[in-house]
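Residue numbers (the working numbering), protein chains in the order written: chain Z, 899 to 994; chain L, 32 to 519.
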């Protein structure tokens, strides 16, 4: 499986990951190499095999939906890169 | 007792503090002094918590004076991997993207150790976001192996392993997604246990691959590992994957009479690529187990060759999803831009290191439209086949015995340029994560000055059985007691 530059651009956009041109060329080569190794899985017959999503027989765990104080809001905001309590501040995403 | 970390165990420190032979404050100062003198050569710690540790130790001494009952780990230092959130303490995951991140809460394991009166000397280095096998991927600095500073301590929990090997603490916590406790334990000559998936709450562990991650102990002895397991296991409603059943009493269990078990050696783990000194040490270990009355037979785990590719699809897919949260909005690094989406790109470009980017890319690709069935879904099916191999093997044996890693600790730079070679160094540890099984690495010999590790893998919830055998083995041998030469 060969990963070309166009695919690297597409995947980086999906991941919101900024990459330099150098990083992109290197990743195209490295990912192609890793996918070559992974390719061996396709030779294994898995017809009728159920995917193993969970090791445990656990289902969803529920608790009572009770309101209780968390007392962490100010602490959380204090360490935010940019906050105007009680909000996080981000660049404007809506038209004026 | 004389104040000398090089002769202490967690068990002996705890007992001496309880009976008044040692003050927790003196124990704490002895370790802090060692860290001040020797850590600049090793860089095991990202953050040393001198004043916090002192306050914890003084509080234990006050409790003793007041006649309060003390926990077996009261006053016992425990080093913490820096992907475990501790309230009010910078938690970096050894990533630039989390610099200055100060969690407003404790991980469950840390909350429980605090309640027990343990002392936290510091947060230890790791490969960034626990992605790596050497600490060379740390976004901050690499950690050196106390047995040979020219070599890696293993990873990703390399700082935790180095801290115990160098006697900066008798115990440490790590996390294990594909071998990140066991491989560094092997390279540093320690006991390192990855519990059954669900045995230990992950609340407050910074997520890497959620269907694989598990927290566990580093120690020198089976008893010390059992004491730490006693303190951290048990149900936790804040982690929905944590088992609701209470855990056994591990330390008490080690005091029960020893009963020999049936041990299987999977032939796929002794094939090409295994270094001769490692194979030889496992052979001698086998003889000791036979002398203890255990039977040893060959078994087969036929899908073993598929474990590494399966792991690198499952782990990266889950990582790409888990790491989507680092966007520069709520905590950690932010590279400002007038445009929000641009801010995501810039922050993640600057904050993540090369290996993390590589895995986010691979995982995003494996989950992306058109490739999901061929990669992620396929890997999840093969994962079932790997799991079935173990279930089949455990019909005939109680435990499996394997090497932990193909070699002893490798040199800096030896594998870092080839990601695939680095991934293949996890070949013996990855399957236990894929199958959710408990596994423990422990020292069983040396190649010159470098420790050799063996691994036991057991059925789900068999940690106590494995630790009980290890305890018996450690009565017969002294590999676990060997300290690094020339560290001073």
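Built from N, CA and C at the ideal position, the CB exists for glycine as well.
- Look at residue 368 of chain L here: in three-state DSSP terms it is coil, with no helix or strand label.
- DSSP places residue 475 of chain L in the uninterrupted beta strand (DSSP E) bounded by 470-478.
- Following the DSSP letters along the chain, one finds residue 389 of chain L inside the alpha helix (DSSP H) bounded by residues 385-398.
- DSSP, read as helix, strand or coil, puts residue 150 of chain L in strand.
- For the pair residue 163 of chain L and residue 453 of chain L, the CB atoms are nearer than the 8 Å cut-off.
- Short of 8 Å from the beta carbon of residue 922 of chain Z, and not among the five residues preceding or following it, lie these beta carbons of its own chain, in chain order: 903, 906, 907, 910.
- If you check the CB distance, residue 140 of chain L and residue 115 of chain L come in under 8 Å.
- Beta-bridge pairing by DSSP links residue 920 of chain Z to no other residue.
- Scanning chain Z for C-beta atoms nearer than 8 Å to the C-beta of residue 35 of chain L yields nothing, as the closest lies near 40 Å away.
- Our two residues, residue 344 of chain L and residue 417 of chain L, have alpha carbons roughly 14 Å apart in a direct line.
- The Cβ-Cβ distance between residue 365 of chain L and residue 378 of chain L falls below 8 Å.
- A direct Cα-Cα distance of roughly 11 Å separates residue 361 of chain L from residue 129 of chain L.
- Taking all protein chains in view, the Cβ of residue 282 of chain L is crowded by 16 or more other Cβ atoms within 10 Å, so the residue is classified as buried.
- Nearest to residue 79 of chain L by C-alpha distance, out of L:105, L:49, L:112, is L:112.
- Put simply, the backbone Cα of residue 206 of chain L is about 45 Å away from that of residue 993 of chain Z.
- The residues 899, in chain order, have a CB closer than 6 Å to that of residue 933 of chain Z in the same chain once the five nearest residues on each side in sequence are set aside.
- In the structure shown, residue 176 of chain L falls within a strand segment according to DSSP collapsed to helix, strand and coil.
- Nearest in C-alpha terms to residue 463 of chain L, of all of L:434, L:478, L:446, L:449, is L:434.
- DSSP, reduced to helix, strand and coil, places residue 290 of chain L outside both helices and strands of the structure shown, so it counts as coil.
- In the DSSP assignment, residue 254 of chain L falls within the unbroken alpha helix (DSSP H) covering 253-263.
- Residue 194 of chain L sits away from residue 355 of chain L, with the two beta carbons spaced by 8 Å or more.
- In the assembly as shown, residue 151 of chain L is a buried residue. Its beta-carbon has 16 or more other beta-carbons within 10 Å.
- Residues of chain Z whose Cβ lies closer than 7 Å to the Cβ of residue 272 of chain L are, in chain order, 954, 956.
- Between the alpha carbons of residue 298 of chain L and residue 951 of chain Z lies a distance of about 27 Å.
- Counting only Cβ-Cβ distances below 7 Å, residue 497 of chain L has no contacts in chain Z at all, with the closest Cβ about 18 Å away.
- Residue 368 of chain L has a beta carbon lying within less than 8 Å of a beta carbon in chain Z.
- Collapsing the DSSP output to three states places residue 974 of chain Z in a helix.
- If you check the CB distance, residue 266 of chain L and residue 274 of chain L come in under 8 Å.
- Residue 351 of chain L has a beta carbon lying within less than 8 Å of a beta carbon in chain Z.
- Those residues of the stretch 387-416 of chain L placed with their C-beta closer than 8 Å to a C-beta in chain Z are 388, 389, 391, 392, 393, 395, 396, 399, 405, 406, 408, 409, 410, 411, 412, 413, 414, 415, 416, ordered along the chain.
- Taking the CA atoms as reference points, residue 255 of chain L sits about 7 Å from residue 40 of chain L.
- L:444 is the residue among L:444, L:375, L:263 whose C-alpha sits nearest the C-alpha of residue 181 of chain L.
- Just so you know, the alpha carbons of residue 967 of chain Z and residue 327 of chain L end up roughly 56 Å apart.
- Between residue 927 of chain Z and residue 412 of chain L, the C-beta gap is not smaller than 8 Å, which leaves the two residues out of contact.
- Considered as a whole, the stretch 307-343 of chain L harbours 326-330 as its complete beta strand (DSSP E) runs of no fewer than 3 residues, in chain order.
- Rounded to whole angstroms, residue 166 of chain L and residue 238 of chain L show a C-alpha spacing of 18 Å.
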